[in-house]
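The structure appears right after this line, and notes come after that.
Numbering (my numbering), first residue to last: 215 to 616.
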């Protein structure tokens with residue numbers, strides 16, 4: 215059996231990752247943690263894995279699930295259901311286990327199909343061109359504000375049926391809500407709760423409207439879908455719609471921002487982008503993943519890397535580290551859009567694999583070649599601001615010039 219490593223160095227590295235500086239450049243810290251051991255223990259008892267093999271096992275092993283709500287009281291969250299931000303997380307696909315997870319995923323998967331996503335391609339292409347038109351008319355832009363937020367927000371809004379005039383309000387709402395993925399404190403909840411409540415109330419009104427007048431959108435499909443006599447309850451419908459909406463642009467916004475920076479810093483990779491956009495996006499996801507870690511709780515005794523996790527143990531897999539593990543990838547810190555074997559853990563794995571991954575890939579595969587075709591002189595400008603988050607890696611602001 216392998217040992218779980220506990221040391222002052224482990225504590226110092228994890229503490230550094232909780233700082234703004236450490237989060238801005240985490241990959242060196244990840245590398246050292248990978249060297250120290252397959253499984254390390256944080257000061258709060260959390261077990262952390264950073265290598266590819268172990269992270270992949272954690273992501274895919276059904277014996278490692280989400281923290282059961284019965285254990286939340288022991289984690290100091292006995293009143294979780296009274297907080298809209300936590301309720302929306304712990305009762306969604308992100309926070310539940312089988313059999314509830316299996317049932318809900320089956321119901322939504324029947325409506326959120328690959329065909330429905332691919333049908334968005336023409337609209338996505340038009341949205342991309344419209345946003346680039348605006349950028350082309352300016353000498354400089356904030357890429358997040360001008361492109362990386364509005365594109366996925368408009369795409370998921372188009373899918374759900376949210377009118378264009380209502381979309382701009384959601385950037386800060388979802389950002390405030392998703393802060394609970396990093397830290398649950400009174401300060402975070404003071405912004406996250408009203409944000410989650412506002413999103414839910416908006417979606418409730420939209421669902422009511424679609425019951426009266428169904429359209430060819432996902433909200434109408436979710437409202438009316440029934441499978442083998444089963445359908446989403448009103449509570450499940452609103453929780454699911456909130457998750458799809460928030461996840462539908464949060465991850466993609468950061469994929470677009472991280473990917474643009476990587477491409478601008480490696481102009482020699484431009485021909486490979488044009489030659490195979492799908493492979494290029496896969497490498498960009500590996501190189502600087504928008505989601506850097508996933509959490510699991512041992513539902514039963516589970517042995518990984520020679521370490522047996524006991525029921526109730528909390529495990530965090532640093533998938534951003536796994537995607538840079540030299541045990542899995544040759545020269546992992548090098549961006550190589552022609553890399554032949556670049557399948558990553560950017561969208562997680564197993565039963566919690568990101569439902570919106572095909573949509574995120576579709577948007578990025580169209581967006582990056584279009585941006586460089588129409589704005590060949592695009593370059594970074596001073597003033598970039600990384601998000602202060604380890605779980606969600608991206609930018610709050612990303613100034614660019616044409």
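Beta carbons are placed, not taken as given, at the ideal position from N, Cα and C, and that holds for glycine.
Collapsed DSSP secondary structure at residue 422 in the structure displayed: One-based indexing of the chain shown puts residue 422 at position 208. In this structure, residue 422 counts as helix in the three-state DSSP scheme.
Endpoints, the beta strand (DSSP E) within which residue 615 is located: Residue mapping note: residue 615 aligns to position 401 of the chain shown, counting from 1. That run of the beta strand (DSSP E) goes 613-615.
Sub-8 Å separation of residue 268 and residue 519 beta-carbons: Locating residue 268 in the chain shown gives position 54, counting from the first residue. Locating residue 519 in the chain shown gives position 305, counting from the first residue. Yes, they are a contact pair.
Residue 285 (DSSP reduced to helix, strand or coil): Start at 1 with the first residue of the chain shown, and residue 285 comes out as number 71. DSSP places residue 285 within a helical segment (H, G or I) once states are collapsed to three.
8 Å CB neighbourhood of residue 261 in its chain, flanking five on each side removed: Counted from its first residue, the chain shown places residue 261 at position 47. Same-chain partners within the cutoff: 218, 253, 254, 255, 521, 523, 527, 528, 529 and 530.
Bounding residues of the beta strand (DSSP E) (the contiguous stretch that carries residue 511): By one-based count along the chain shown, residue 511 stands at place 297. It spans 508-512 - the beta strand (DSSP E) in which residue 511 sits, taken as one unbroken run.
Cβ separation of residue 563 and residue 273, assumed to be a contact under 8 Å, to the nearest whole Å: Counted from its first residue, the chain shown places residue 563 at position 349. Counted from its first residue, the chain shown places residue 273 at position 59. Confirmed, about 3 Å.
Environment of residue 438 [buried if 16+ CB atoms lie within 10 Å]: Counting from 1 along the chain shown, the entry for residue 438 is found at position 224. Its Cβ having fewer than 16 others within 10 Å, residue 438 is exposed.
Own chain, CB closer than 7 Å to residue 239, minus 5 neighbours either side, in chain order: Counting from 1 along the chain shown, the entry for residue 239 is found at position 25. In its own chain, leaving out the 5 sequence neighbours on each side, no residue places its CB closer than 7 Å to the CB of residue 239.
Span of the alpha helix (DSSP H) around residue 354: Indexing the chain shown from 1 puts residue 354 at position 140. Unbroken run through residue 354 is the beta strand (DSSP E), 354-356; no alpha helix (DSSP H).
Limits of the unbroken alpha helix (DSSP H) element including residue 522: Taking the first residue of the chain shown as 1, we reach residue 522 at position 308. Run containing residue 522: none in the alpha helix (DSSP H); it sits in the beta strand (DSSP E), 521-523.
Residue 348, buried or exposed, once every other Cβ within 10 Å from all chains shown has been counted against 16: Counting from one through the chain shown, the residue named residue 348 turns up at place 134. Label assigned to residue 348: exposed.
For residue 533, the first and last residue of its enclosing alpha helix (DSSP H): For this step, residue 533 is matched to residue 319 along the chain shown. Following the DSSP letters along the chain, one finds residue 533 inside the alpha helix (DSSP H) bounded by residues 533-536.
Complete alpha helix (DSSP H) runs within the region 238-309 (minimum length 4 residues, chain order): 241-250, 266-274 and 298-304
Residue 414 and residue 473 closer than 8 Å at C-beta: In the chain shown, counting from the first residue as 1, residue 414 sits at position 200. In the chain shown, counting from the first residue as 1, residue 473 sits at position 259. Cβ distance not < 8 Å, so residue 414 and residue 473 don't count as in contact.
Segment contact, 8 Å Cβ cut-off, at least three pairs: the region 545-564 with the region 488-500: Touching, yes.
Segment contact, 8 Å Cβ cut-off, at least three pairs: the region 314-324 with the region 463-478: no
Pick from 511, 242 and 264 that is closest to residue 251, judged by C-alpha positions: Within the chain shown, residue 251 is the residue found at index 37, counting from 1. Nearest of 511, 242 and 264 to residue 251, Cα basis: 264.
Contact set for residue 329: own chain, Cβ-Cβ below 7 Å, skip 5 residues either direction: By 1-based counting over the chain shown, the position of residue 329 is 115. Once the five neighbours on either side are set aside, residue 329 has no close Cβ partner at all.
Given 8 Å, three or more beta-carbon pairs between the region 415-426 and the region 480-489: no
Environment of residue 350 [buried if 16+ CB atoms lie within 10 Å]: On the chain shown, position 136 is the one that residue 350 refers to. So residue 350 counts as exposed.
Delimiting residues of the beta strand (DSSP E) encompassing residue 517: Taking the chain shown and counting its residues from 1, one reaches residue 517 at position 303. Taken as a continuous stretch (DSSP letters only), the beta strand (DSSP E) holding residue 517 covers 516-518.
Cα-Cα separation, residue 353 to residue 248: In the chain shown, the residue the question calls residue 353 occupies position 139. In the chain shown, the residue the question calls residue 248 occupies position 34. The alpha-carbon atoms of residue 353 and residue 248 are separated by roughly 43 Å.
Option nearest residue 343 by Cα separation, candidates 511, 365, 242 and 478: By 1-based counting over the chain shown, the position of residue 343 is 129. Considering only alpha carbons, the answer is 365.
8 Å Cβ cutoff met for residue 370 and residue 585: Taking the chain shown and counting its residues from 1, the one referred to as residue 370 is at position 156. Taking the chain shown and counting its residues from 1, the one referred to as residue 585 is at position 371. In this structure, residue 585 does not lie closer than 8 Å to residue 370 by Cβ.
DSSP-derived helix/strand/coil call for residue 444: The residue given as residue 444 occupies position 230 in the chain shown. Strand, per DSSP.
Neighbourhood of residue 513 by C-beta distance below 6 Å, restricted to the same chain and skipping five residues each side: Position 299 of the chain shown holds residue 513. These residues qualify, in order along the chain: 277 and 279.
Residue span of the alpha helix (DSSP H) that contains residue 338, given as start and end: Within the chain shown, the letter at position 124 stands for residue 338. Where residue 338 is concerned, the enclosing alpha helix (DSSP H) stretches over 335-350.
Backbone CA spacing between residue 600 and residue 290 [nearest angstrom]: Taking the chain shown and counting its residues from 1, the one referred to as residue 600 is at position 386. Taking the chain shown and counting its residues from 1, the one referred to as residue 290 is at position 76. Counting only the Cα atoms, residue 290 lies some 30 Å from residue 600.
Whole runs of the beta strand (DSSP E) within the region 524-604, excluding any shorter than 3 residues: 528-531
Rounded separation between residue 409 and residue 544 - CA only: Along the chain shown, read from residue 1 onward, the residue named residue 409 stands at position 195. Along the chain shown, read from residue 1 onward, the residue named residue 544 stands at position 330. If I take the Cα positions, the gap works out to 42 Å.
Residue 314 (DSSP reduced to helix, strand or coil): By one-based count along the chain shown, residue 314 stands at place 100. Correct three-state label for residue 314: helix.
Straight-line Cα distance separating residue 294 from residue 300: Counted from its first residue, the chain shown places residue 300 at position 86. Counted from its first residue, the chain shown places residue 294 at position 80. Their backbone Cα atoms lie some 6 Å apart in a straight line.
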